[in-house]
Amino acid sequence: MATLSSNLLFVSFILYLIATLFFGGSIKSKKEVNEKRGTNRWGHIAVFLTIVGFISQLGYFITRWIAAGHAPVSNMFEFTTFFGMALVGAFIVIYYIYRTTLLGLFTMPVAILVIAYASMFPRDITPLIPALQSYWLHIHVTTAAIGEAILAISFAAGLIYLVKAIDQTKSNKQTFWLEMVMFALITVLGFVAVSSVFAGTGYHEKFNWIDKHDTEQVLEYTMPALVGPHKGELVSESGFKPLIELPAFINAKKFNTVIWSLMGGLVLYSLIRLIIRKRIAASLKPLVKNIKLDFVDEISYRSVLIGFPVFTLGALIFAMIWAQMAWSRFWGWDPKEVWALITWLFYAAFLHLRLSKGWHGEKSAWLAVIGFVIIMFNLVAVNLVIAGLHSYAG
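For any residue, its number in the working numbering is found by taking its place in the sequence shown, counting from 1, and adding 4.
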(Lines of atoms letter the chains of each structure in order from A and count residues from 1; the text may use other names and numbers.)
(Lines give C-alpha, C1' and ligand atoms only; values in the text may rest on other atoms or scores of the structure.)
Protein backbone atom coordinates (compact mmCIF):
# COMPACT_ATOMS: atom_id res chain seq x y z
CA MET A 1 0.00 0.00 0.00
CA ALA A 2 2.87 2.37 0.81
CA THR A 3 4.43 1.69 -2.61
CA LEU A 4 1.12 2.38 -4.33
CA SER A 5 0.82 5.61 -2.38
CA SER A 6 4.27 6.79 -3.50
CA ASN A 7 3.53 5.90 -7.12
CA LEU A 8 0.27 7.87 -7.07
CA LEU A 9 2.09 10.91 -5.70
CA PHE A 10 4.71 10.64 -8.45
CA VAL A 11 2.00 10.36 -11.12
CA SER A 12 0.26 13.47 -9.79
CA PHE A 13 3.55 15.38 -9.80
CA ILE A 14 4.19 14.50 -13.46
CA LEU A 15 0.62 15.42 -14.43
CA TYR A 16 0.97 18.79 -12.72
CA LEU A 17 4.17 19.44 -14.68
CA ILE A 18 2.49 18.59 -17.99
CA ALA A 19 -0.59 20.63 -17.06
CA THR A 20 1.61 23.67 -16.43
CA LEU A 21 2.95 23.44 -19.99
CA PHE A 22 -0.60 23.35 -21.35
CA PHE A 23 -1.57 26.31 -19.15
CA GLY A 24 1.30 28.19 -20.78
CA GLY A 25 0.02 27.23 -24.24
CA SER A 26 -3.50 28.37 -23.40
CA ILE A 27 -2.33 31.94 -22.71
CA LYS A 28 -1.40 32.40 -26.37
CA SER A 29 -5.07 32.70 -27.25
CA LYS A 30 -6.05 36.09 -28.65
CA LYS A 31 -9.14 36.13 -26.46
CA GLU A 32 -9.22 38.09 -23.25
CA VAL A 33 -8.07 35.60 -20.61
CA ASN A 34 -10.43 37.10 -18.07
CA GLU A 35 -13.51 36.14 -20.04
CA LYS A 36 -15.37 33.49 -18.09
CA ARG A 37 -15.84 31.30 -21.12
CA GLY A 38 -12.61 32.16 -22.93
CA THR A 39 -10.81 28.87 -22.15
CA ASN A 40 -9.40 27.35 -25.33
CA ARG A 41 -8.49 23.74 -26.14
CA TRP A 42 -5.08 23.98 -24.47
CA GLY A 43 -6.75 25.32 -21.35
CA HIS A 44 -9.31 22.52 -21.25
CA ILE A 45 -6.52 19.93 -21.52
CA ALA A 46 -4.55 21.69 -18.76
CA VAL A 47 -7.55 21.74 -16.41
CA PHE A 48 -8.34 18.09 -17.20
CA LEU A 49 -4.74 17.03 -16.41
CA THR A 50 -4.84 19.07 -13.21
CA ILE A 51 -8.03 17.35 -12.06
CA VAL A 52 -6.63 13.89 -12.90
CA GLY A 53 -3.43 14.80 -11.03
CA PHE A 54 -5.48 15.96 -8.05
CA ILE A 55 -7.44 12.68 -8.03
CA SER A 56 -4.14 10.77 -8.17
CA GLN A 57 -2.76 12.77 -5.25
CA LEU A 58 -5.98 12.23 -3.34
CA GLY A 59 -5.43 8.52 -3.96
CA TYR A 60 -1.93 8.91 -2.50
CA PHE A 61 -3.40 10.56 0.59
CA ILE A 62 -6.04 7.84 1.12
CA THR A 63 -3.70 4.89 0.53
CA ARG A 64 -1.03 6.35 2.82
CA TRP A 65 -3.71 6.91 5.48
CA ILE A 66 -4.67 3.22 5.18
CA ALA A 67 -1.03 2.12 5.35
CA ALA A 68 -0.18 4.36 8.31
CA GLY A 69 -3.42 3.94 10.24
CA HIS A 70 -3.66 7.70 10.78
CA ALA A 71 -4.06 10.85 8.70
CA PRO A 72 -0.79 11.44 6.81
CA VAL A 73 -0.14 14.96 8.11
CA SER A 74 2.14 14.18 11.05
CA ASN A 75 5.56 15.17 9.64
CA MET A 76 7.05 17.62 7.16
CA PHE A 77 6.74 15.30 4.14
CA GLU A 78 3.10 14.46 4.83
CA PHE A 79 1.98 17.96 5.80
CA THR A 80 3.71 19.65 2.86
CA THR A 81 2.32 17.20 0.30
CA PHE A 82 -1.16 17.72 1.77
CA PHE A 83 -0.63 21.49 1.55
CA GLY A 84 0.29 21.10 -2.13
CA MET A 85 -2.80 18.97 -2.74
CA ALA A 86 -5.01 21.51 -0.98
CA LEU A 87 -3.49 24.27 -3.10
CA VAL A 88 -4.35 22.42 -6.31
CA GLY A 89 -7.86 21.71 -5.01
CA ALA A 90 -8.36 25.38 -4.15
CA PHE A 91 -7.23 26.37 -7.64
CA ILE A 92 -9.68 23.94 -9.28
CA VAL A 93 -12.55 25.47 -7.31
CA ILE A 94 -11.46 29.03 -8.12
CA TYR A 95 -11.02 28.15 -11.79
CA TYR A 96 -14.61 26.99 -12.15
CA ILE A 97 -15.75 30.25 -10.58
CA TYR A 98 -13.66 32.60 -12.74
CA ARG A 99 -12.63 30.44 -15.73
CA THR A 100 -9.13 31.88 -16.12
CA THR A 101 -6.26 29.60 -17.09
CA LEU A 102 -3.67 32.29 -16.36
CA LEU A 103 -4.20 31.65 -12.65
CA GLY A 104 -3.23 28.03 -13.29
CA LEU A 105 0.00 29.09 -14.98
CA PHE A 106 1.04 30.92 -11.81
CA THR A 107 -0.52 28.54 -9.24
CA MET A 108 0.64 25.16 -10.54
CA PRO A 109 4.38 25.95 -10.42
CA VAL A 110 3.93 26.92 -6.76
CA ALA A 111 2.16 23.62 -6.06
CA ILE A 112 4.90 21.74 -7.93
CA LEU A 113 7.60 23.49 -5.88
CA VAL A 114 5.76 22.67 -2.65
CA ILE A 115 5.52 18.96 -3.54
CA ALA A 116 9.16 18.88 -4.73
CA TYR A 117 10.16 20.53 -1.44
CA ALA A 118 8.22 17.86 0.48
CA SER A 119 9.95 15.05 -1.41
CA MET A 120 13.30 15.99 0.14
CA PHE A 121 12.12 14.97 3.62
CA PRO A 122 12.06 11.38 4.97
CA ARG A 123 9.05 9.48 3.60
CA ASP A 124 9.03 6.61 6.08
CA ILE A 125 5.68 5.74 7.64
CA THR A 126 6.18 5.79 11.41
CA PRO A 127 3.81 5.38 14.39
CA LEU A 128 2.45 8.56 15.90
CA ILE A 129 4.23 9.87 18.97
CA PRO A 130 1.90 10.22 22.02
CA ALA A 131 1.49 13.99 21.53
CA LEU A 132 -0.09 13.39 18.11
CA GLN A 133 -2.37 10.48 18.99
CA SER A 134 -5.61 12.42 18.81
CA TYR A 135 -8.41 12.93 16.29
CA TRP A 136 -7.61 16.63 16.60
CA LEU A 137 -4.56 15.88 14.46
CA HIS A 138 -6.92 15.37 11.50
CA ILE A 139 -9.05 18.38 12.32
CA HIS A 140 -6.44 20.98 13.28
CA VAL A 141 -3.70 20.25 10.74
CA THR A 142 -5.89 19.61 7.69
CA THR A 143 -8.06 22.67 8.29
CA ALA A 144 -5.01 24.90 8.79
CA ALA A 145 -3.43 23.56 5.58
CA ILE A 146 -6.61 24.10 3.58
CA GLY A 147 -6.86 27.66 4.89
CA GLU A 148 -3.24 28.36 3.93
CA ALA A 149 -3.83 26.83 0.49
CA ILE A 150 -6.77 29.13 -0.21
CA LEU A 151 -4.70 32.10 0.96
CA ALA A 152 -1.95 30.96 -1.42
CA ILE A 153 -4.36 31.51 -4.33
CA SER A 154 -4.43 35.17 -3.34
CA PHE A 155 -0.64 35.15 -3.67
CA ALA A 156 -0.82 33.79 -7.22
CA ALA A 157 -3.41 36.40 -8.19
CA GLY A 158 -1.43 39.15 -6.47
CA LEU A 159 1.72 38.06 -8.30
CA ILE A 160 -0.10 38.25 -11.63
CA TYR A 161 -1.28 41.76 -10.74
CA LEU A 162 2.24 42.94 -9.89
CA VAL A 163 3.83 41.40 -12.99
CA LYS A 164 1.20 43.20 -15.08
CA ALA A 165 1.19 46.53 -13.25
CA ILE A 166 4.86 47.16 -12.45
CA ASP A 167 6.90 48.89 -15.12
CA GLN A 168 9.94 46.68 -15.81
CA THR A 169 11.70 49.23 -18.02
CA LYS A 170 13.26 50.96 -15.01
CA SER A 171 14.78 49.86 -11.73
CA ASN A 172 13.09 50.87 -8.48
CA LYS A 173 11.93 49.40 -5.18
CA GLN A 174 8.97 47.69 -6.79
CA THR A 175 11.01 45.84 -9.40
CA PHE A 176 13.62 44.90 -6.77
CA TRP A 177 11.15 43.35 -4.32
CA LEU A 178 9.18 41.62 -7.05
CA GLU A 179 12.43 40.05 -8.26
CA MET A 180 13.19 39.00 -4.67
CA VAL A 181 9.91 37.08 -4.67
CA MET A 182 11.03 35.30 -7.85
CA PHE A 183 14.38 34.54 -6.23
CA ALA A 184 12.62 33.05 -3.19
CA LEU A 185 10.64 30.68 -5.43
CA ILE A 186 13.82 29.63 -7.22
CA THR A 187 15.48 29.00 -3.85
CA VAL A 188 13.03 26.14 -3.34
CA LEU A 189 14.39 24.65 -6.56
CA GLY A 190 17.85 25.21 -5.11
CA PHE A 191 16.89 23.18 -2.05
CA VAL A 192 15.65 20.32 -4.23
CA ALA A 193 18.76 20.42 -6.42
CA VAL A 194 21.27 20.58 -3.56
CA SER A 195 19.49 17.88 -1.55
CA SER A 196 19.36 15.60 -4.59
CA VAL A 197 23.07 16.06 -5.34
CA PHE A 198 24.26 15.25 -1.82
CA ALA A 199 21.76 12.38 -1.51
CA GLY A 200 23.14 10.97 -4.76
CA THR A 201 26.71 11.12 -3.47
CA GLY A 202 25.71 9.53 -0.16
CA TYR A 203 27.31 12.30 1.90
CA HIS A 204 27.13 11.65 5.64
CA GLU A 205 28.76 12.94 8.81
CA LYS A 206 27.95 12.62 12.50
CA PHE A 207 28.26 14.93 15.53
CA ASN A 208 27.91 14.50 19.28
CA TRP A 209 26.35 17.64 20.74
CA ILE A 210 24.58 19.10 23.80
CA ASP A 211 20.92 20.09 23.41
CA LYS A 212 19.05 22.86 25.28
CA HIS A 213 18.33 20.44 28.14
CA ASP A 214 22.09 19.81 28.59
CA THR A 215 21.65 16.28 27.29
CA GLU A 216 24.20 14.71 24.95
CA GLN A 217 22.69 13.84 21.57
CA VAL A 218 23.84 12.51 18.20
CA LEU A 219 23.15 14.53 15.03
CA GLU A 220 23.72 13.24 11.52
CA TYR A 221 24.30 15.59 8.57
CA THR A 222 23.61 14.75 4.93
CA MET A 223 25.29 17.94 3.67
CA PRO A 224 28.70 19.45 4.60
CA ALA A 225 28.29 21.21 7.95
CA LEU A 226 28.83 24.91 7.32
CA VAL A 227 27.25 25.50 10.74
CA GLY A 228 27.55 23.00 13.58
CA PRO A 229 25.44 22.09 16.62
CA HIS A 230 25.88 23.44 20.14
CA LYS A 231 29.15 22.13 21.65
CA GLY A 232 29.37 19.77 18.70
CA GLU A 233 32.12 17.18 18.35
CA LEU A 234 32.72 15.76 14.87
CA VAL A 235 32.69 11.96 15.02
CA SER A 236 33.07 11.09 11.34
CA GLU A 237 36.69 10.93 10.19
CA SER A 238 36.12 12.49 6.78
CA GLY A 239 33.48 15.04 7.81
CA PHE A 240 33.55 18.80 7.16
CA LYS A 241 34.49 20.87 10.20
CA PRO A 242 31.80 23.55 10.81
CA LEU A 243 32.69 27.20 10.36
CA ILE A 244 30.26 28.38 13.06
CA GLU A 245 28.72 26.76 16.15
CA LEU A 246 25.02 27.56 16.75
CA PRO A 247 23.17 27.85 20.07
CA ALA A 248 21.13 24.88 21.29
CA PHE A 249 17.71 26.41 20.54
CA ILE A 250 18.48 26.43 16.79
CA ASN A 251 18.35 23.19 14.82
CA ALA A 252 21.84 23.34 13.35
CA LYS A 253 21.33 20.57 10.79
CA LYS A 254 18.24 22.17 9.28
CA PHE A 255 19.69 25.67 9.41
CA ASN A 256 22.66 24.25 7.51
CA THR A 257 20.19 22.95 4.90
CA VAL A 258 18.65 26.43 4.60
CA ILE A 259 22.09 27.93 3.93
CA TRP A 260 22.85 25.35 1.24
CA SER A 261 19.41 25.98 -0.30
CA LEU A 262 20.07 29.72 -0.49
CA MET A 263 23.41 29.04 -2.14
CA GLY A 264 21.79 26.66 -4.62
CA GLY A 265 19.02 29.17 -5.30
CA LEU A 266 21.57 31.92 -5.93
CA VAL A 267 23.41 29.76 -8.46
CA LEU A 268 20.18 28.80 -10.26
CA TYR A 269 18.91 32.38 -10.28
CA SER A 270 22.21 33.63 -11.69
CA LEU A 271 22.11 31.02 -14.45
CA ILE A 272 18.53 31.91 -15.38
CA ARG A 273 19.33 35.63 -15.47
CA LEU A 274 22.40 34.90 -17.59
CA ILE A 275 20.27 32.98 -20.10
CA ILE A 276 17.25 35.31 -20.35
CA ARG A 277 19.28 38.53 -19.82
CA LYS A 278 16.42 40.30 -18.06
CA ARG A 279 14.52 40.19 -14.81
CA ILE A 280 12.43 37.06 -14.38
CA ALA A 281 9.36 39.20 -13.71
CA ALA A 282 10.03 41.07 -16.97
CA SER A 283 10.18 37.78 -18.89
CA LEU A 284 6.74 36.85 -17.50
CA LYS A 285 5.12 40.15 -18.50
CA PRO A 286 4.05 39.07 -22.02
CA LEU A 287 2.00 36.25 -20.47
CA VAL A 288 -0.25 38.69 -18.59
CA LYS A 289 -0.77 41.31 -21.30
CA ASN A 290 -4.45 40.39 -21.83
CA ILE A 291 -5.45 40.17 -18.18
CA LYS A 292 -7.56 42.89 -16.55
CA LEU A 293 -6.13 44.14 -13.28
CA ASP A 294 -9.52 44.51 -11.57
CA PHE A 295 -10.23 40.87 -12.36
CA VAL A 296 -7.16 39.41 -10.62
CA ASP A 297 -7.57 41.93 -7.81
CA GLU A 298 -11.03 40.48 -7.16
CA ILE A 299 -9.69 36.91 -7.18
CA SER A 300 -6.96 37.84 -4.69
CA TYR A 301 -9.40 39.56 -2.35
CA ARG A 302 -12.04 36.82 -2.43
CA SER A 303 -9.40 34.16 -1.81
CA VAL A 304 -8.42 35.94 1.41
CA LEU A 305 -12.08 36.43 2.27
CA ILE A 306 -12.62 32.64 2.09
CA GLY A 307 -9.22 31.44 3.34
CA PHE A 308 -9.01 33.69 6.41
CA PRO A 309 -11.92 32.18 8.39
CA VAL A 310 -10.79 28.64 7.44
CA PHE A 311 -7.27 29.42 8.65
CA THR A 312 -8.71 30.98 11.81
CA LEU A 313 -10.55 27.75 12.61
CA GLY A 314 -7.67 25.41 11.84
CA ALA A 315 -4.56 27.28 12.97
CA LEU A 316 -5.98 29.07 16.02
CA ILE A 317 -9.29 27.80 17.39
CA PHE A 318 -8.82 24.05 16.73
CA ALA A 319 -5.14 24.36 17.68
CA MET A 320 -6.04 25.91 21.03
CA ILE A 321 -8.56 23.20 21.78
CA TRP A 322 -6.00 20.48 21.04
CA ALA A 323 -3.28 22.28 23.03
CA GLN A 324 -5.60 22.45 26.03
CA MET A 325 -6.25 18.72 25.77
CA ALA A 326 -2.62 17.71 25.15
CA TRP A 327 -0.65 20.17 27.29
CA SER A 328 -3.33 21.53 29.70
CA ARG A 329 -2.97 25.05 28.33
CA PHE A 330 -4.48 26.61 25.23
CA TRP A 331 -1.53 28.94 24.52
CA GLY A 332 2.17 28.69 25.30
CA TRP A 333 4.07 31.08 23.01
CA ASP A 334 5.73 28.21 21.19
CA PRO A 335 7.44 29.52 17.99
CA LYS A 336 4.90 27.76 15.79
CA GLU A 337 2.00 29.22 17.76
CA VAL A 338 3.51 32.71 17.63
CA TRP A 339 3.89 32.63 13.84
CA ALA A 340 0.39 31.27 13.39
CA LEU A 341 -0.81 34.29 15.36
CA ILE A 342 1.37 36.64 13.29
CA THR A 343 -0.10 35.15 10.11
CA TRP A 344 -3.63 35.60 11.43
CA LEU A 345 -2.98 39.21 12.51
CA PHE A 346 -1.49 40.02 9.10
CA TYR A 347 -4.49 38.76 7.14
CA ALA A 348 -6.83 40.47 9.61
CA ALA A 349 -4.96 43.70 8.85
CA PHE A 350 -5.21 42.90 5.12
CA LEU A 351 -9.00 42.75 5.31
CA HIS A 352 -9.15 45.86 7.51
CA LEU A 353 -7.01 47.89 5.12
CA ARG A 354 -8.97 46.60 2.15
CA LEU A 355 -12.41 47.31 3.57
CA SER A 356 -11.79 50.41 5.70
CA LYS A 357 -8.86 52.18 4.05
CA GLY A 358 -9.55 51.31 0.42
CA TRP A 359 -6.30 49.45 -0.20
CA HIS A 360 -7.18 48.00 -3.59
CA GLY A 361 -5.02 47.22 -6.58
CA GLU A 362 -1.25 47.23 -6.19
CA LYS A 363 -1.25 47.77 -2.42
CA SER A 364 -3.58 44.82 -1.97
CA ALA A 365 -1.45 42.68 -4.31
CA TRP A 366 1.68 43.41 -2.29
CA LEU A 367 -0.16 42.44 0.90
CA ALA A 368 -1.21 39.13 -0.69
CA VAL A 369 2.41 38.41 -1.64
CA ILE A 370 3.76 39.35 1.80
CA GLY A 371 1.12 37.16 3.45
CA PHE A 372 2.30 34.13 1.48
CA VAL A 373 5.91 34.93 2.42
CA ILE A 374 4.83 34.79 6.09
CA ILE A 375 3.10 31.44 5.50
CA MET A 376 6.21 30.01 3.84
CA PHE A 377 8.46 31.38 6.59
CA ASN A 378 6.27 29.55 9.08
CA LEU A 379 6.46 26.37 7.00
CA VAL A 380 10.18 26.49 6.28
CA ALA A 381 12.13 28.56 8.80
CA VAL A 382 10.02 27.98 11.92
CA ASN A 383 9.61 24.25 11.28
CA LEU A 384 13.20 23.63 10.27
CA VAL A 385 15.33 26.03 12.29
CA ILE A 386 13.70 27.00 15.58
CA ALA A 387 13.30 24.19 18.12
CA GLY A 388 9.96 24.07 19.92
CA LEU A 389 7.05 21.86 20.89
CA HIS A 390 6.24 21.41 17.20
CA SER A 391 9.75 20.19 16.34
CA TYR A 392 8.41 16.67 15.83
CA ALA A 393 7.09 18.00 12.52
CA GLY A 394 10.62 17.96 11.18
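Virtual Cβ for every residue (Gly too), placed ideally from N, Cα, C.
Simplified DSSP assignment, three categories, for residue i
i	result
Tyr121	helix
Leu247	coil
Glu224	strand
Leu19	helix
Val239	coil
Gly232	strand
Ile2	Lying outside 5 to 398, the shown extent of the chain, residue 2 is not represented and no answer is given.
Pro113	helix
Gly375	helix
Leu383	helix
Ser9	helix
His217	coil
Arg358	helix
Thr24	helix
Whole-angstrom C-beta distance between residue j and residue i, which should lie under 8 angstroms
i	j	result
Phe81	Arg127	5 angstroms
Ala369	Ser304	6 angstroms
Phe86	Ala6	That pair is no contact at about 16 angstroms.
Tyr165	Glu366	7 angstroms
Val196	Tyr273	Going by Cβ atoms, the distance from Val196 to Tyr273 rounds to 14 angstroms, so no, they are not a contact pair.
Ser265	Gly194	5 angstroms
Phe26	Ile49	5 angstroms
Contacts around residue i, its chain only, beta-carbon distance under 6 angstroms, and the 5 residues preceding and following it disregarded
i	result
His142	Ala75
Glu209	Tyr225, Ser240 and Gly243
Ala94	Ala153, Ile154 and Ile157
Residue i versus residue j: straight-line alpha-carbon distance, rounded
i	j	result
Val118	Ala327	27 angstroms
Leu400	Ser16	The chain is shown only over 5 to 398; residue 400 falls outside these bounds and no answer can be derived.
Gly28	Leu189	18 angstroms
Phe400	Leu371	Examination of residue 400 is not possible in this model, given that the chain is present from 5 through 398 alone.
Ile22	Leu53	8 angstroms
Arg41	Ile98	Note that Arg41 has pLDDT 49, beneath the 50 cutoff, so the model's placement of it is unreliable and no number is given.
Thr382	Val51	Before going on, a small fix: residue 382 reads as Asn here, not Thr. Cα to Cα, the separation comes out at about 30 angstroms.
Ser33	Val222	Any reading at Ser33 needs caution, since the residue's pLDDT is 49, under 50, leaving its predicted position unreliable; the model's value is listed next. Taking the straight line from one Cα to the other gives about 58 angstroms.
Ile59	Thr147	19 angstroms
Lys293	Val185	20 angstroms
Gly57	Val198	26 angstroms
Val271	Phe187	10 angstroms
Arg333	Ala323	11 angstroms
Lys296	Val342	37 angstroms
Ala344	Met380	11 angstroms
Nonlocal neighbours in the same chain, by C-beta distance under 7 angstroms from residue i, ignoring five residues either side
i	result
Ile214	Glu220, His234, Lys235 and Ala252
Lys245	Leu238
Own chain residues within Cβ distance below 8 angstroms of residue i, not counting five before or after
i	result
Gly375	Leu155, Ser158, Phe159, Val308, Thr347, Phe350, Tyr351 and Phe354
- Query: Which full runs of the alpha helix (DSSP H) of 4+ residues lie inside the segment 158 to 214, going along the chain?
  - Reply: 177 to 205
- Inside the segment 41 to 111 only - alpha helix (DSSP H) runs reaching at least 4 residues: 45 to 72 and 80 to 102
- Task: Note down, one range per segment and in chain order, each beta strand (DSSP E) of at least 3 residues found wholly within the segment 251 to 338.
- Result: none
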